[in-house]
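In the numbering used here, the protein residues as written are 5 to 815.
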């Protein structure tokens, strides 16, 4: 049965301890300790670590410290034992004068929890003070005619202890004329009075010496004494009488020095000198003596020191009125010091975080503030708020503590730091306020990817560029800070014409400058599309990309190519025929050329560089048509050699030349006749004539073969061009269509030439028949062969490079 009861008792104690721990954690009930006064420094008060639910070594680790404010720090923490110890001598009478129960409050901060725990320490009284009299020696004058039973107030002793340790009794030394009677006042104090038991006779004994003993009931018992000398005087049988037994006055603490607070008045029914009364303080403590002054003649009490409600809000003293005969009366004076709102609130930052991450959630703790006002009542009631910053808020914590927390997530890129102003205002009139500033830095997180300064980039590079030359640059900006803003550039891997992109272009990872690793050829490809990625160095890294278009600019690196007339493969020279009956402007042939370049670099012009007969033929500047410049004469040679040069408009210009051979005759017999006239009349003439006939037939055959080859080549090219046109609109592969177009914007086509050739069986009588030239298949009239043909260079006259030239030759 006893074991079961003990078990239940222990269980109850455990539940009680758990309940106390919960209350302390929530700040509902303070931790209580009780100690006697006058302990030595370092004396143990209580096991604070255990009561906080911590181990002793956790006190320092978790930042446990005392944050109570006051003039003197009375307690300290012992981190080794986990105990709350005294920091010095504790005198209950000094700390709690006039208070029956002395309790000291302090707060303990657990910093890692940001929690405040209240601690209440009760200081028990010990009998360390003996009763003492303020006046060790007292002289009392008594008239010899004083009636028996008359009472004379004696000085009462003061013992700051409480309870049985305080003043308990008085004793008077033995004397036949006097006895002691103790009165209990309304305030609970004991006031000794000297009672005259028998009449006095000055002639018999003028002076009586008495000893007043005051004692307490403490252990050990302590006593105090005062010497009383009774002087027997003659003939004054009335004592002064105060108009009031107690005087009460309330005065604000901010009254100026010298202000009269009240007037005490005592009257004596005697006349003359026996009615004159002097006033004095019968009892006044040391603090009150420094603040108040009593006029001995007028009975006025005025201030000689500054009043401070926060230091002492109440004063109690005794005033004595005495006549010349020594009769006296006493009255009590009670002065209440009223509080004035003369103290502004105080804000103390007890815990502070100088920096928080920008992605911290709402409610993140920044600082723990203690707000206090030394005034009382409404003057000491404080309202605390944040001025002009909605991003933060104050939360009420334990007692006068506030938590400064974030009210919304912060963004370092918008505001990198804050200066938070916390204002505390009391409810006094007029109100007083205090401001404190809390500086907060917002630490960066990698929450912003790099941003390019442009939505897309374009770069231009001339073809045939040297390897390693700079193409251009891209630039990205990251609003983050430090490593989060360090940007690395790189290219997205791709394939260009079956080769990796990295073999064509590289990028500087730090600066974003692009370099060409390959010499580009405009005729191979004209643009290059790639993607650049900018990545920061944060954790995790963030990136963004942008498109970059590289355009290859054409250079004049290709000379014009002669398409017609083509050079025979057997080493012979092609021959063009022109009848002697041809009129000026007769189209003999046309030189067709192309240039692999584009734009101005592919604009071609034709001119006659050299001729056997100057002035006989002309060449169209833009068309390349070879026409007769005048009528043919009989004296003109049969064979005419022309050198035509084709030149582009690049810088510097490039050119190509072609040599044309033109046979001048109305018919083949005329050609043969001309050959006969040229030959000498010798036996060799037959063989020479045969040779010329063979040459003429060979020339005609070569011309025929050249036209057939030209026709087939142009047919194949047109077929190939049409296939390419269907596959892509970018132009002929390697041969832009603009190469066949002059500056006048008109498509240039080869003219169709028709010649009929007939031979008889007899080689000597063979003849060639030249019909009139057929212009039915010619797209350009003879007027296009005018000598003067101005060169018009205009952007409006340049045809698109996507056009395709078509050349037709028929026999």
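Positions of the beta carbon are idealized from the N, C-alpha and C atoms, including for glycine.
In this text the structure is predicted, and so the values were computed from the model without any measurement.
Original post:
Could you give the distance in angstroms between the alpha-carbon of residue 215 and the alpha-carbon of residue 317?
Top reply: 36 angstroms
**OP:** Please state whether DSSP places residue 631 in a helix, a strand or coil.
**Re:** strand
Subject >> Alpha carbon of residue 127 to alpha carbon of residue 107, nearest angstrom >> reply: 6 angstroms
Subject >> Cβ neighbours of residue 535 in the same chain (closer than 8 angstroms, five flanking residues each side left out) >> reply: 495, 496, 498, 549, 550, 551, 552
Subject >> residue 820, DSSP secondary structure in three states >> reply: Here the chain comprises residues numbered 5 to 815, so residue 820 is not present and cannot be evaluated.
**OP:** Please determine if the stretch 188-205 and the stretch 148-159 are in contact, where contact requires at least 3 C-beta pairs separated by less than 8 angstroms.
**Re:** yes
Subject >> Inter-residue Cα distance where the pair is residue 458 and residue 598 >> reply: 40 angstroms
Original post:
Does the beta-carbon distance from residue 184 to residue 198 come in below 8 angstroms?
Top reply: yes
Original post:
From residue 633 to residue 651, what distance separates their C-alpha atoms?
Top reply: 22 angstroms
Subject >> Coil, strand or helix - residue 45 by DSSP >> reply: coil
**OP:** Could you name the residues that DSSP lists as bridge partners for residue 566?
**Re:** 597
Subject >> Where residue 740 falls: helix, strand or coil (DSSP) >> reply: The predicted position of residue 740 is uncertain, since its pLDDT is 41 and thus under 50; a value taken from the coordinates is nonetheless stated next. Reduced to three states, the DSSP call for residue 740 is coil.
Original post:
With which residues is residue 706 paired in a DSSP beta bridge?
Top reply: Residue 706 is not bridged to any residue.
**OP:** Take residue 311 as the anchor and find which of 265, 119, 391, 258 has the nearest alpha-carbon.
**Re:** 258
Original post:
Would DSSP call residue 524 helix, strand or coil?
Top reply: coil
Subject >> Residue interval of the beta strand (DSSP E) (run including residue 537) >> reply: 531-540
Original post:
In chain order, which beta strand (DSSP E) runs of at least 3 residues are fully inside the stretch 176-206?
Top reply: 182-188, 194-200
Original post:
With a Cβ-Cβ cutoff of 8 angstroms, do residue 436 and residue 360 count as a contact?
Top reply: no
**OP:** Check whether the Cβ atoms of residue 333 and residue 244 sit closer than 8 angstroms, and answer yes or no.
**Re:** yes
Subject >> Closest Cα partner of residue 94 within the set 71, 129, 401 >> reply: 129
**OP:** Note down the Cα distance separating residue 293 from residue 66, rounded to an integer number of angstroms.
**Re:** 49 angstroms
Original post:
Do the stretch 136-144 and the stretch 39-50 meet, that is, are 3 or more Cβ pairs less than 8 angstroms apart?
Top reply: no
Original post:
Quick one, which of 378, 410, 274 has its alpha-carbon nearest residue 431's?
Top reply: 378
Original post:
Are the Cβ atoms of residue 645 and residue 601 separated by less than 8 angstroms?
Top reply: no
Original post:
Can you give the Cα-Cα distance for residue 704 and residue 579, rounded to whole angstroms?
Top reply: 8 angstroms
Original post:
Between the beta-carbon of residue 2 and the beta-carbon of residue 523, is there less than 8 angstroms?
Top reply: As displayed, the chain neither begins before 5 nor continues past 815, which places residue 2 out of reach and without an answer.
Subject >> Coil, strand or helix - residue 696 by DSSP >> reply: helix
Subject >> Own chain partners of residue 481 with C-beta closer than 6 angstroms, once the 5 adjacent residues on each side are dropped >> reply: 455
Original post:
Per DSSP, residue 327 forms a beta bridge with which residues?
Top reply: 281
**OP:** Return the residue from the list 475, 220, 493 that minimises the CA-CA distance to residue 463.
**Re:** 475
Original post:
Is the CB-CB distance between residue 558 and residue 488 below 8 angstroms?
Top reply: no
**OP:** Would you mind working out which of 46, 424, 82, 44 sits nearest residue 59, comparing C-alpha positions?
**Re:** 82
**OP:** Starting from residue 816, trace the alpha helix (DSSP H) both ways and give me its first and last residue.
**Re:** Lying before the first or after the last residue shown, residue 816 is absent from the chain, which here runs from 5 to 815.
Subject >> Three-state secondary structure assigned by DSSP to residue 377 >> reply: coil
Subject >> Residues of its chain near residue 134, where Cβ-Cβ distance is below 8 angstroms and the 5 sequence neighbours each way are ignored >> reply: 163, 220, 226, 227, 228
Original post:
Can you tell me the Cα-Cα spacing of residue 608 and residue 564, whole angstroms?
Top reply: 8 angstroms
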